[in-house]
Structures are given as C-alpha cells and as structure tokens.
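Novice: Following this message is one structure expressed as structure tokens.
Residue numbers (the working numbering), protein chains in the order written: chain R, 1 to 145; chain Y, 146 to 373.
Shown next as structure tokens:
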C-alpha cells in the first residue's frame, strides 16, 4: 500500500510541478504535503484501522523529537527547518510532544487521541492548542534570531 | 460551527483551525467544511501554508525507507519516462526522502540510509510542461538528470545544461545524452548559493563554443532549489 501511495504521489508531483509556487512553500514541504495527503486519503478510503507498527515507530520518532542530537547520522540528514522544529519540540512537555507527534503521523482526531491515550478529550484539545501556540512562538523566535 | 466570525476572533479561530488542519486533528465534517472554505479564501490558504511550513518538517523525524526497485519501474512507466540505466537513478534519494512519510502511515521492515538530495529542479518548456528533473546529491558528488519523453533534438545538435547564477556568467554543467538518464560529477560551484536557475540550451555537437554562455536558444529552465 505504501508503494502505491508513493507511485501516486510521484505522478502527482510530476504532473503538478507547474503549479508549484516557490514563494509559497519550500519544495520539500510541498512534496511532503502531497505524499502525506495521498497516504491519508488512501488509508481513509480503505477504512483501514491501520495497525501502525505503533510502538517501535513512535519510539523512534519520539526519540528523534526529544533530542535530535542523540543520533548524529540522522541529525545530519535533517533539513534546517526540521532541526528548528526538533529544537522547539524538545521544549514541549513530553506529554504534549507525544500528542502532537501521534496526531501528525497517525492522522488522529482529538477523540481518537483521547481514546488511544485514555485521556479526557478536553485535555487533548488544550494540549494540542498550547503546543501549536508554543511551536509557533518558538519557531518565530528562531527565524528572527 | 460558523467560521466567518468578526475579524479579530476570526483570525484567532482561522489560525487555530489551520494548525489543527495541518496537524491532522481536524477531522470529519469540520475538516470538510474547512476545506470548502479554503477553496475560496486565499488568506486562509496562506495561513495553512504557514502551518505546513512549520509542521511538515516533522516528517523527517521518521526513519527512512528505501522503496523496492519495481516502484521506480512503475513510476517510470506511468510518467512515460524513458527507461534509463537502472543503476543510475532508482536507488537515489528523492524516493527515500518522500518514503519517510509513507512510512508514517504504514509499515515496513527494511531500513537503510539513503543519500539525501540536496538540490532539485524541474525544468519546463515554454508551455510550462515539465521536461527534465535534475537532482544533486552532495554527499556522493553527483548530479542526476532525468529526461521526459518528448524531448527531441536534431541529429547535429545537443542539449547542454547550465547553472545560471543571479549575477555573472552561466556555468556549463555538461551535455545531456539522448537517452533518458544521465549522471554527472557535481561541479563544486553548481551548488553555490548564487545559482538560481538551471537551463538547457540547444548547441552544436560538442557544446557551446563559448564556455561562458550558451550559443543557442534556451529551451528549458527551472528554479534550482534546496530540497533539504
């Protein structure tokens, strides 16, 4: 399934390259958005309760989020934007970081997150809102620095 | 929910919804309403673009996965790219990078660290059709060019690839072969920050007689942008 998504995405990227607006987004952001949307579209339409090989994946990702310096070869491959984001993610409380990471990678709604983490939905909403605000402030500071 | 509220409140709400839309927590009916609104509101689209720029780099935190060869073959078939020399292009990094995202939703066991693509350009003709894809891999010092079907040159002419800096003379990167794929050694100055464009000109056999500029018409060009 991932391979089909990849093929679809490449085709979409190739065919819509003329619509790409460099002043609006960086090329990786643009391509990554296409791939991510395609992937989630496929998963939604297939109505897959995808068994995200959850734990290993989340552990790896969260470790990267906590401290991208832990694994130098990986850290070297990160773009400047990703390094900036990692630094700001590292400043979030660990619970907040986990919620944001799970939402991004698994396309979960507030209520799905609440269910997965066995937490009240109000808490999830608050954590997401605060995390997004903090990330924006933190990334804005880095940009000006 | 009525999204079209009074101005100040509306901005705050827009921003919150855009962030949640990009993050993925905005789902179901609310997501569909938001997408409809997005279609005819350019200001909202730019708020969403801002959040995409902030959050999408998160995809890079996922471990990279290298797709199987047949994925490349299928892509080549779909895009009607000429089959190139297999070893050239397939294992390279664009796929590996993009695949990091695919991994986010599905699966996969085998992990390998692939070379990263540093720069990428899609070169288009005057009708804005994408004709060439050029990628640079700094670690391996290579420049890969992929040519779409429909690129034809007279028998006594060649295509020459140029790096065009913001100021000063263009620099030749090499002559493109007639087959679909080519790899060049990456000239050190091809990646310097002042290179804004890549361009392809039609030249006599052997390339432009003037090493500092094309002698024939520019037929394709595209922005040379840092990928990661």
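Where is the CB? At the ideal position from N, CA and C, for every residue including glycine.
Comparing the C-beta of residue 49 of chain R with each C-beta of chain Y, is any distance below 8 Å?
Specialist: Per-residue confidence for residue 49 of chain R stands at a pLDDT of 49, beneath the threshold of 50, marking its modelled position as unreliable; the derived number appears in the next sentence. No, no contact with chain Y.
Novice: Buried or exposed: where does residue 267 of chain Y fall if 16 or more other Cβ atoms within 10 Å of its Cβ makes it buried?
Specialist: Classification for residue 267 of chain Y: buried.
Novice: Residue 132 of chain R and residue 84 of chain R: beta carbons closer than 8 Å?
Specialist: Taking 8 Å as the Cβ cut-off, residue 132 of chain R and residue 84 of chain R do not qualify as a contacting pair.
Novice: Of all the CB atoms in chain Y, is at least one closer than 8 Å to the CB of residue 129 of chain R?
Specialist: Interface residue, yes.
Novice: Can you find a CB in chain R that lies within less than 8 Å of the CB of residue 283 of chain Y?
Specialist: No, because no Cβ of chain R sits closer than 8 Å to the Cβ of residue 283 of chain Y.
Novice: Could you work out which residues of chain Y lie near residue 137 of chain R, taking near to mean beta carbons separated by less than 9 Å?
Specialist: The contacting residues do not exist; residue 137 of chain R stays about 11 Å from chain Y at best.
Novice: Between Y:333, Y:298 and Y:297, which lies nearest to residue 288 of chain Y when the distance is taken from Cα to Cα?
Specialist: If we check each option's Cα against that of residue 288 of chain Y, Y:333 comes out closest.
Novice: Who are the Cβ neighbours of residue 142 of chain R in its own chain at under 6 Å, not counting the five residues just before and after it?
Specialist: Within the same chain, residue 142 of chain R has close Cβ partners 84.
Novice: Go ahead and pull the three-state DSSP assignment for residue 119 of chain R.
Specialist: Coil at residue 119 of chain R, not helix or strand.
Novice: In this structure, how does DSSP classify residue 368 of chain Y when only helix, strand and coil are distinguished?
Specialist: Strand.
Novice: Could one say the Cβ of residue 180 of chain Y lies closer than 8 Å to chain R's Cβ atoms, at least one of them?
Specialist: No, residue 180 of chain Y lies away from the interface with chain R (no Cβ there is under 8 Å from its Cβ).
Novice: Three or more beta-carbon pairs under 8 Å between the stretch 174-194 of chain Y and the stretch 111-123 of chain R, yes or no?
Specialist: The answer is no - the stretch 111-123 of chain R does not touch the stretch 174-194 of chain Y, with fewer than three Cβ pairs under 8 Å.
Novice: Return the Cβ separation of residue 398 of chain Y and residue 279 of chain Y in integer angstroms, given the expectation that the two are a contact with Cβ distance under 8 Å.
Specialist: Chain Y is shown from 146 up to 373; residue 398 of chain Y falls before or after that span and cannot be answered.
Novice: Can you tell me whether residue 91 of chain R is helix, strand or coil according to DSSP?
Specialist: Residue 91 of chain R: coil per DSSP, three-state reduction.
Novice: For residue 199 of chain Y, count the other beta carbons within 10 Å of its own beta carbon; 16 or more makes it buried, fewer makes it exposed. Which is it?
Specialist: The residue in question, residue 199 of chain Y, is buried, as its Cβ has 16 or more Cβ neighbours within 10 Å.
Novice: Out of Y:327, Y:312, Y:361 and Y:311, point me to the one whose CA is closest to residue 299 of chain Y's CA.
Specialist: Ranking the options by Cα distance to residue 299 of chain Y, first place goes to Y:361.
Novice: Does the Cβ of residue 162 of chain Y have 16 or more other Cβ atoms within 10 Å, making it buried, or fewer, making it exposed?
Specialist: Residue 162 of chain Y comes out buried.
Novice: Please compile the residues from chain Y whose C-beta is within a distance smaller than 9 Å of the C-beta of residue 92 of chain R.
Specialist: Simply none; closest approach about 12 Å.
Novice: List, in chain order, every chain Y residue whose beta-carbon is nearer than 7 Å to that of residue 110 of chain R.
Specialist: The contacting residues are 170.
Novice: Tell me whether residue 115 of chain R is buried or exposed, calling it buried when 16 or more other Cβ atoms sit within 10 Å of its Cβ.
Specialist: Residue 115 of chain R is exposed by the Cβ-count criterion.
Novice: Using a Cβ cut-off of 9 Å, which residues of the stretch 102-126 of chain R contact any Cβ in chain Y, in chain order?
Specialist: Against chain Y - using a Cβ distance shorter than 9 Å - the residues of the stretch 102-126 of chain R are 103, 104, 105, 106, 107, 108, 109, 110, 111, 112, 113, 124 and 125.
Novice: Do you know offhand how far residue 157 of chain Y's Cα is from residue 369 of chain Y's?
Specialist: Approximately 36 Å between the Cα atoms of the pair.
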